[in-house]
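Numbering (the working numbering), first residue to last: 991 to 1439.
No residue lacks a Cβ here, since even glycine has one placed at the ideal position from N, Cα and C.
Structure, as structure tokens:
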Ligand code: UDP
């Protein structure tokens, strides 16, 4: 808590409009507000948060003139346009906040806390002489993986030739070339992305939505590289739970459906808020789920299958059979689903939030990464934490992977491992645990600025 008589801090949080980034930022804001800080929450007008869930925040919508996140191919242009659009508005508002402080008798010093995708905030903070802290909503292991790309490029190994894909990247154990985050992008695109994230004004600290024991080696490298405090405050949905902030409406009927299933019997399948796929890939998923004879809950996000509104690409007789064996919804209350006793496995695209949500509930995973850091997360799940199986897109192999997960010794071992990790996370987020300590240290650090 800010001491009485001590100068108060106004924290200006700048969120990005992606589901997997907005939710942790709101959770962080709630925690910091509970510690006595005033919170201004800046966000683009695309995918705004619901202010009624956070009545104590001052919300600052930034006009962005964007209608979607650009898909994976247009992501760099999207990020650039997002930052270019938001920058003048953010700058204007920050100057107003600074001027209001100067005129006020109740002095508050201002600290900027921004999502790493909102890099414009770092340079504005530098220009205005404000301290800035960067929030990272991806794994720590991404950093060494991103940083190696220019080096690989220099020695002619990026973009990666097909013949190298299965090989280990020297110095990047346990990653193979196929796990590098920017695989599929051109060299120019990859280098552009790495430079976009390098602020010309260094931040005073980083906040990471991760847990110390899970990513110790990557965190050591990051600390060595940045030489500023790195706070590992995750998983934020456990250290600071908040009301749901889904951009899409959650279909809560799936919870009563889960209530009727046997313990640990259901495979939950979802590819998150951004991944898209061809109807052929989605059809293989549908057959794999159906033929596994395991009850399933499948999220098909509207628009996630190219050229389709929802599931009209599936043959009618398959849909009828699926309705008997499982449930298909457009969007689920994922954290509640994963915490439900009927769920025994998660077939995921391995976005970082989904990964954290699954490890927190001790749910082993089937890993089907689509892009970016998902390949890297999948590699950690299968190879390091040993609680995931990498799967392919063909129905027969999907069916056998689901069976391996639910009814084999190997699956049982993965479940035990997932539950061990769950226990370690419970320790990390409880009093005296690494994440709780890091959150306390963060509060002290902000008060020291
Ligand atoms: N999510 C959800 N319902 C769904 C699918 C996903 O609430 O049906 C949430 C999930 O709990 C997670 C977020 O959406 O917090 C997805 O973030 P992640 O980093 O896993 O993937 P992204 O969407 O960024 O690819």
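DSSP assignment within the region 1175 to 1210 yields the following whole beta strand (DSSP E) runs of 3 residues or more, N-terminal first: 1195 to 1198. Runs of the beta strand (DSSP E) spanning 3 or more residues and lying entirely within the region 1030 to 1108 occur at 1048 to 1052 and 1098 to 1105, in chain order. According to the DSSP assignment, residue 1435 belongs to the alpha helix (DSSP H) that extends over 1424 to 1438. By the criterion of at least three beta-carbon pairs nearer than 8 Å, the region 1319 to 1327 is in contact with the region 1276 to 1291. Counting only the Cα atoms, residue 1013 lies some 8 Å from residue 1234. In this structure, residue 1198 and residue 1222 form a Cβ contact; the two beta carbons are roughly 5 Å apart against a cut-off of 8 Å. For residue 1337, the three-state secondary structure derived from DSSP is strand. Inside the region 1373 to 1403, DSSP marks whole alpha helix (DSSP H) runs of 4 or more residues at positions 1385 to 1397, from first to last along the chain.
Sixteen is the threshold: when 16 or more other Cβ atoms of the shown chains lie within 10 Å of the Cβ of residue 1228, as they do, the residue is buried. In this structure, the ligand UDP has a non-hydrogen atom nearer than 7 Å to the beta-carbon of residue 1289. In this structure, 1395 is the residue among 1363, 1084 and 1395 with its C-alpha nearest to the C-alpha of residue 1354. DSSP, read as helix, strand or coil, puts residue 1229 in helix. Its Cα nearest to that of residue 1200, the residue 1127 stands out among 1127, 1164 and 1134. Counting the other CB atoms within 10 Å of its CB gives residue 1273 a total of 16 or more, which places it among the buried residues. Its Cα nearest to that of residue 1080, the residue 1031 stands out among 1044, 1405 and 1031.
Within the DSSP bridge table, the entry for residue 1172 names no partner. Taking C-alpha positions only, residue 1174 is separated from residue 1300 by approximately 26 Å. The residue among 1021, 1000, 1125 and 1333 with its C-alpha nearest the C-alpha of residue 1352 is 1333. Distances from the CB of residue 1030 to the heavy atoms of the ligand UDP are all 7 Å or more. Rounded to the nearest whole angstrom, the C-alpha separation of residue 1099 and residue 1336 is 44 Å. In this structure, the alpha-carbon of residue 1293 lies about 12 Å from that of residue 1058. For residue 1010, the shortest separation between its Cβ and any heavy atom of the ligand UDP lies below 7 Å. For residue 1247, the enclosing alpha helix (DSSP H) begins and ends at 1243 to 1249. The continuous beta strand (DSSP E) containing residue 999 extends over residues 998 to 1004. Cβ-Cβ separation between residue 1327 and residue 1248: approximately 7 Å, consistent with a contact (criterion under 8 Å). Around the beta carbon of residue 1345, 16 or more other beta carbons sit within 10 angstroms, so the residue counts as buried. Taking the Cβ of residue 1343 as the reference point, at least one heavy atom of the ligand UDP falls within a distance shorter than 7 Å. Relative to the ligand UDP, the beta carbon of residue 1259 is positioned no closer than 7 Å to any heavy atom. Membership of residue 1293 in any alpha helix (DSSP H) is not indicated, and neither H nor E is assigned to it by DSSP. Residue environment analysis places residue 1105 among the buried positions, since at least 16 neighbouring C-beta atoms fall within 10 angstroms of its C-beta. If you draw a 10 Å sphere on the C-beta of residue 1262, you find 16 or more other C-beta atoms in it, and that means buried.
By the criterion of a C-beta distance shorter than 7 Å, residue 1318 is surrounded in its chain by 1288, 1290, 1301 and 1312, once the five residues flanking it on both sides are discounted. Listed in chain order, the non-local C-beta contacts of residue 1305 below 7 Å within the same chain number zero, local neighbours out to five positions each way being set aside.
For residue 1018, the closest C-alpha among the options 1124, 1182 and 1373 is that of 1124. Here the region 1100 to 1120 makes no contact with the region 1168 to 1182; the two share fewer than three CB pairs at distances below 8 Å.
Non-local beta-carbon contacts of residue 1390 in its own chain, meaning distances under 6 Å to residues more than five positions away in sequence, are absent.
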